Amino acid sequence: MPATAFPRHIAALILATLACSFAGNHIAARIAFDHEAGLLLAILCRSGVTFLVLIVLVLWQRDSLRLSRQTWGWQLMLGLLIAVQSFCIYSAVARIPVGLALLVVNLSPILLALLTWLLGGPAPTRRAALIMGVILFGLVLVLDVPARLAGQGVSDERWVEGVLFSLTAAAVFAVALWITEHRLSAMPGRVRSMLTMAVVFSASALAGASGALPGGLGLPNALAGWIALAVLVLLYGTAFSLLFILMPRLDIARNAPVMNMEPVAGMLFGWLILGQLLGALQVVGGVIVVGGIIALAYRR
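Using the UniProt record's numbering, you'd call the opening residue of the sequence shown number 1 and step up by one each time.
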């Protein structure tokens, strides 16, 4: 018997809370990184705990793990892409304000639409293309491009690296979404996510053991770093797990755009907790970006 959907205002409230939890995970990650916690250590803890929770969910629902060889190949690719995306977004968060990083990463819906078109799917409509143009204009404001071109902003190396990591995370996530929609859509979401977390954990462990990223498994140098690491795992693991437990009742097709408040929460938490202030023009750009993404999502 299908689960009864929550009233829309309840579903929206739950999704908004989950979005805030995902944003809080990145705030906690920045605090942990500021206390010398290794980037790979954060990914290992996050993916490992989430993987264990998803195993319980899969066993509870008695989902089948019988997949074709081709499906296993696409699943492996999906896991590796999410591992790269996790690395890139944490690398961005460690370098630039959290809200800014999340706003850039949220360009993935635009990149997904363009990728789908390039791979033979429907071309974006004229209205969708206009919305995408508005989003890109907002991004120009978010990145404070006018001030930087006028020589008023300081484009240090870490800022450039952070923006590039964010853009890479957005592009990689768009490819991962395309694979999910076009190659793995028949799989139960719990199974797909569990196997994805398994690959992310394994890839991070191998990268750490190989020494490919010096300091990647470094331990926090203060109690605050350990607490932040624990909060990171708690927020991400809880939000990710609840999303899949409650998904049948959340009417995701209608309410998913609510999740786009994550970068807004990231900007707010970054200001309140980390003292990361964005300029007035950047905030306006952020509102344009989020509004455009929501408009694009509702159109789909």
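Using N, Cα and C, we set each Cβ at its ideal position, and we do this for glycine too. These numbers come from a predicted model, not from an experiment.
Should residue i be labelled buried (16 or more other beta-carbon atoms within 10 Å of its own) or exposed?
i           : result
His182      : exposed
Pro257      : buried
Thr125      : exposed
Ser21       : buried
Ser68       : exposed
residue 340 : Nothing about residue 340 can be read from this structure; the chain reaches only from 1 to 300.
Gly133      : exposed
Pro214      : exposed
When the Cα atoms are used, what is the spatial distance from residue i to residue j?
i      : j      : result
Arg95  : Ala101 : 9 angstroms
Met1   : Arg249 : Residue placement at Met1 is flagged as unreliable, the pLDDT there being 44, under the threshold of 50; a coordinate-derived value is accordingly withheld.
Ala19  : Met261 : 6 angstroms
Ala29  : Gly270 : 12 angstroms
Leu76  : Ala280 : 43 angstroms
Leu272 : Ala23  : 13 angstroms
Val284 : Leu44  : 36 angstroms
Thr116 : Ile179 : 10 angstroms
Ala230 : Gly121 : 42 angstroms
Just to confirm before moving on: does the CB-CB distance between residue i and residue j stay below 7 angstroms?
i      : j      : result
Gly216 : Leu39  : yes
Val53  : Gly237 : yes
Ala5   : Asn255 : no
Val233 : Val56  : no
Ala228 : Ala32  : yes
Once DSSP output is grouped into helix, strand and coil, what is the label at residue i?
i           : result
Val264      : helix
Met187      : coil
residue 322 : Missing from the structure shown is residue 322; the chain here goes from 1 to 300 and no further.
Val290      : helix
His35       : coil
Leu219      : coil
For chain D, is any of its Cβ atoms less than 7 angstroms away from the one on residue i?
i      : result
Ser193 : Protein chain content of the structure displayed is limited to a single chain, and chain D is not contained in it.
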